[in-house]
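Residue numbers (this note's numbering): 120 to 494.
Ideal Cβ placement from N, Cα and C applies to all residues, glycine included.
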Amino acid sequence: MRGINYGVIGSGYFGYGLAKIIHDDVPGGKVVAVYDPNNAEEIVRELNCEQEMDIDSLCKREDIDAVIIASPNAYHKEPVLYAAKYNKHVFCEKPIALSYQDCDQMIKITKKNDLVFMAGHVMNFMDGVRKAKRIINDGKIGDILFCHAERTGWEDAQEHVSWKKKKELSGGHLYHHIHELDFIQFIMGPATRVCMVGGNVAHQGEKFGDENDLLLVSLEFEKNKFATIQYGSAFRLGEHYVKIQGTKGAILIDLKNVNVIVKTTDGEERILLHASEVEDEDRRRIYQGLEGGIMYGDPKTKIPMWLDTIMKKELNYFHNVLQGSEVDEEFIPLLDGTAARAAVATADALTLSLNEDRKVNVDEIIEKVAQTTVI
Ligand SMILES: NC(=O)c1ccc[n+]([C@@H]2O[C@H](COP(=O)([O-])OP(=O)(O)OC[C@H]3O[C@@H](n4cnc5c(N)ncnc54)[C@H](O)[C@@H]3O)[C@@H](O)[C@H]2O)c1
C-alpha cells in the first residue's frame, strides 16, 4: 500500500493530537512538516519532521500528499486554498469556515482539482452515533418527527480569553460547536427555514470574549419536521445531548452523562457511546467535573482517551480513502465538504435571523452566494 505524507497546519491542542496519531497510529502515514506560528517546535522535535515558516512553503512541498488543518476556525480557508493550488488533499477541522461563501469557495476549488476535502466532524465516528444512524436508517424508530439538542454550561471569568471565545475567530458557540447542528442535518436532511433568538446575557467585560452566551435555535425541515438546539455558556444547569423522536421510537444520545438509549417497539436498549465501557467511563469522569457540555482545550491540554480513539478512526478513514478505499455512502458528504457547508449555511441563516429578528429561509444564504460567486 502506498504511504501518504502529511503536512500539519496548526499544532495546538488538536493539531498536535492529529499529528501524533498520523505518526503513531496510521499505518503508512508520515508527518513530514508542520507550520504553526507559535507551537511547532515540540511536535517537530517529537516526530523528527521539519518546521515550515509559512503556509505556502508547507503546501508547495513535493513530498506532501495531504494537509491537516487545525488552526483557529477563521484561519482554515487560506490553507485550504493553498493546499488546493498545490494539489494536496485536505483534512480540515470544524467548522471548515465561518461563512457559507468561504465553504463554497473551498469546496469548489478542491473539487475542481479532484481532491478529497474531509471535514473533521468527529462526532460521526462515535460508535454510539454510527449505530444510532443505522437504527434510524433501518426504520426502527419510524419517521423522525423532531430532534432536540443541548450543548450548554456555565463559564466563570477567565484569566486568559481564548480565541475560542471571540466571535471573529471562532464564530461563537453556534459555529464552534457545529457538531450537533451537523448531526441533526445528517439524520433529518438540510433545514429549510430557521430562527434564532438569544444574545450575550451574562458574560460581558474584559474577562470574557464577545460571543453570545445564550442561543436558542429552531429549525424547520421539509415534510413537517422540526428541531431545536440550545447552545451557550449562560446555563448553570448545563446539558449535552441529542434527543431524536420518531413515530415508532426514540433515541437519546447523552454526551454528558454518557448514556445512549434506544427505544423501539421491541423495548429499550442501552448502547455504548464510545468504543468500550472504559472509554464511556473516562468521558463520564471528565464531564462530571464540568458544568454541562462546555469544554475547551488549549495547546497545553492532553486529548482524552475517548476523543483520541475517534480521532484515530476519522484519520484512518481519511488515510484509507487517500490510499484508494471506496467512501461509504454515509460519509460521501463528509469527504467532499458538502455536509460541513450545509451546516454552515444553516448557521449563517440563524445568524441572519438573530441579527434581523426574523425567520430566514436557508436558501436565501445559498442563493445570495450563487449570484455573487464567480470561480
Ligand atoms: N473535532 C473536535 O472535536 C475539535 C476539538 C478541538 C478543536 N477542534 C478544532 O481544531 C482547530 C484547532 O483548535 P485547538 O483546540 O487545537 O486550538 P489551540 O488554540 O489549542 O491551537 C491552535 C493552534 O493554531 C496556531 N495558529 C494560530 N494562527 C495560525 C495560523 N494562521 N496558521 C496556523 N496555525 C495557527 C496556534 O499557534 C495554536 O498552536 C479548531 O478549528 C477547532 O475548532 C476540533
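**Item:** Cβ-heavy atom distance, residue 131 to ligand 1, below 8 Å
**Value:** yes
**Request:** Give the DSSP-derived three-state secondary structure of residue 319 in the structure shown.
**Result:** coil
**Prompt:** Under a three-way DSSP split, which group does residue 496 fall into?
**Reply:** Nothing can be reported for residue 496, as the shown portion of the chain is limited to 120 through 494.
**Item:** 9 Å Cβ cutoff met for residue 151 and residue 126
**Value:** yes
**Asked** Out of curiosity, what's the CA-to-CA distance linking residue 470 and residue 239?
**Response** 22 Å
**Straight-line Cα distance separating residue 219 from residue 74** = Because the chain in this structure spans residues 120 to 494, residue 74 falls outside the shown range and cannot be described.
**Request:** Apply the 10 Å Cβ neighbour rule to residue 271 and answer buried if 16 or more other Cβ atoms are within range, or exposed otherwise.
**Result:** buried
**Request:** Taking only heavy atoms of ligand 1 into account, decide whether any of them is closer than 8 Å to the Cβ of residue 423.
**Result:** no
**Asked** Less than 8 Å between the CB of residue 186 and some heavy atom of ligand 1, yes or no?
**Response** no
**Beta-ladder partner(s) of residue 347, from DSSP** = 267 and 337
**Asked** Helix, strand or coil for residue 360 per DSSP?
**Response** strand
**Prompt:** Using the beta-carbon count (16 or more within 10 Å), is residue 363 buried or exposed?
**Reply:** buried
**Prompt:** Relative to the C-alpha of residue 421, which residue among 217, 454 and 140 is closest?
**Reply:** 140
**Asked** So residue 260 and residue 383 are in contact, right, with Cβ under 8 Å, and what is the actual spacing, rounded?
**Response** 6 Å
**Asked** Within the present structure, is the beta-carbon of residue 138 separated from the nearest heavy atom of ligand 1 by less than 8 Å?
**Response** no
**Message:** Do residue 174 and residue 134 have their beta-carbon atoms positioned less than 9 Å apart in this structure?
**Reply:** no
**Prompt:** Just to check, is the beta-carbon of residue 475 closer than 8 Å to a non-hydrogen atom of ligand 1?
**Reply:** no
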